[in-house]
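Here's the structure, in structure tokens; my notes come after.
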Amino acid sequence: MLNQEVYDKVVAEFAAKFGGKPEVVSYAPGRIEVLGNHTDYNEGYVFSAAIDKGTFFAVSAAADDKVTLVALDMGETYETTLGAVKKVEAGATWANYPLGTFNWLMGGDPSKAGKGFKAVFGGNIPLGAGLSSSAALEMATALALQKLYGTSFGKTELAKIGQKAEHTFAGCPCGLLDQASSMYGEEGALVKSDFRFNTFESVSMGPSVAFMMVKSNAKHALVDGAYASRRQACEDAAKYFAGVLRKPVTHLRDVTMAEWVLYRGGLSETTAKRAVHPIGEDERVLQGAALLEKGDLKGFGALMYDSHESSRNWFENSCEELDKIVDAAKAIPEVYGARLSGGGFGGSCCLLVDPAAAYRIAAQISREYKAAFGDEPACSLIKPSAGARLV
Ligand code: GLA
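Under my numbering, the first residue of the sequence shown is numbered 274, with each subsequent residue one higher.
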């Protein structure tokens, strides 16, 4: 469904449910992660992009303290009051993303809002694909409610509000990548993030390349502990390096590959394997930036393949479905690089491709995937797009 059609549907549903037009409508896109995996919470670097699919959030103030959320795509409604906003433990757990965002936009005290709100949201980001539909919902909520209640947070602060909603309401200890990519995306450009200083730079890609997302049918659930255990291992490793290196270390960002090689012996084998992934990813993002400047897409793509090998062997956040997609991609000359994108453990692979060959690439990968697993992955060309905004 096109964005315009989604917008029309959301606004029509709003009229049907609440009558009239919404006071505010916002839009926030999903994201792809191109290079730099699990580096954000290690204060490292990432290349990502906002995509051309997203979530619309249409809202008006309520006359009383009622908060009503309608999830168009699920056909479900969640109702509460300002004084009762809290984490939804069972049932309509989707409400945690907008509720958590609202809660932290109000500094943890929703009663400060004075009045409640009534909202309808809907989008066209495939769920569970690793395209950050949840961050898109948070950022759309944040922008719309910021306008409705007159708060004045900047983009990075809004991204952090969404991240806090993930941590406290949704239960995923994520970094800032998804929310920041949704906020800072620009048409035709990658976002190069530095998560130590929270700086977000646009790097233009040129028309001769495109990204293809290939969605495996493997489960992608970041809330079930695997993501959290990876993050914990990185933090444990950073503490260890802070003790053995004669320089300040707060995060793995501060540790070089040479230092890892020299001192890894003091870590458990598993923790050492986890730590080397973000360390290597940081180096790859910096190398990738230099290659992009020279227009060396093959070189950049090779780093994407290295990134996937590091996920497969060290971080162990890949799975056989994602490995199959990357291995199939490697045999196709018009694919420059491929890797898993986002948390991992399922979800999608991100391929850097020659768009002229897109159809053939999708057909070949689907064929090989089907031969192995019996079903077909969903392939879609992604255009790096503009970030979140009021409509
Ligand atoms: C998920 C998280 C992000 C980031 C990626 C991995 O998308 O939400 O914060 O850690 O995984 O790079």
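Just so you know, even glycine gets a beta-carbon here, dropped at the ideal spot from N, CA and C. All values reported here derive from a predicted model rather than from experimental measurement.
- Contact between R304 and A413 does not hold, since the beta-carbon distance rounds to 13 angstroms and is not under 8 angstroms.
- Here the distance from the Cβ of H581 to the nearest heavy atom of ligand 1 is not below 8 angstroms.
- A contact between stretches requires three or more CB pairs, one per stretch, nearer than 8 angstroms, and the stretch 506-513 meets this requirement with the stretch 308-320.
- In the three-state reduction of the DSSP assignment, I398 falls in the coil class, being assigned neither a helical nor a strand state.
- Here DSSP, grouped into helix, strand and coil, assigns L449 to coil.
- At least one heavy atom of ligand 1 sits closer than 8 angstroms to the Cβ of G617.
- When only Cα atoms are considered, P650 and E582 end up about 21 angstroms apart.
- Residue burial is scored here from C-beta neighbours: V534 has fewer than 16 other C-beta atoms within 10 angstroms and is therefore classed as exposed.
- In the three-state DSSP reduction, C507 falls in the helix class (H, G or I).
- With fewer than 16 other CB atoms across the displayed protein chains lying within 10 angstroms of its CB, L663 is exposed.
- The stretch 352-371 makes contact with the stretch 324-343; the number of CB pairs closer than 8 angstroms reaches 3 or more.
- Just so you know, the alpha carbons of L570 and P302 end up roughly 25 angstroms apart.
- Distances from the CB of L450 to the heavy atoms of ligand 1 include at least one below 8 angstroms.
- Per the coordinates, the alpha-carbon of R547 lies some 21 angstroms from the alpha-carbon of S466.
- Collapsing the DSSP output to three states places A408 in a helix.
- A direct Cα-to-Cα measurement between L518 and G539 gives close to 12 angstroms.
- Assigned with DSSP and collapsed to three states, A462 falls in strand.
- One thing to note: Q419 has its Cβ no nearer than 9 angstroms to the Cβ of K433.
- Ranked by how close their Cα comes to the Cα of G348, the residues Y300, V283, M379 have V283 in first place.
- Check the Cα spacing between L654 and each of R504, G561, K326, T353: the tightest is with K326.
- Exposed is the label assigned to N586, since fewer than 16 other Cβ atoms lie within 10 Å of its Cβ.
- Nearest in C-alpha terms to E439, of all of K520, G458, Y500, is Y500.
- G448 is the residue among S614, G458, G448 whose C-alpha sits nearest the C-alpha of H524.
- Look at the beta carbons and you see the stretch 633-650 touching the stretch 591-606: at least three pairs across the two are nearer than 8 angstroms.
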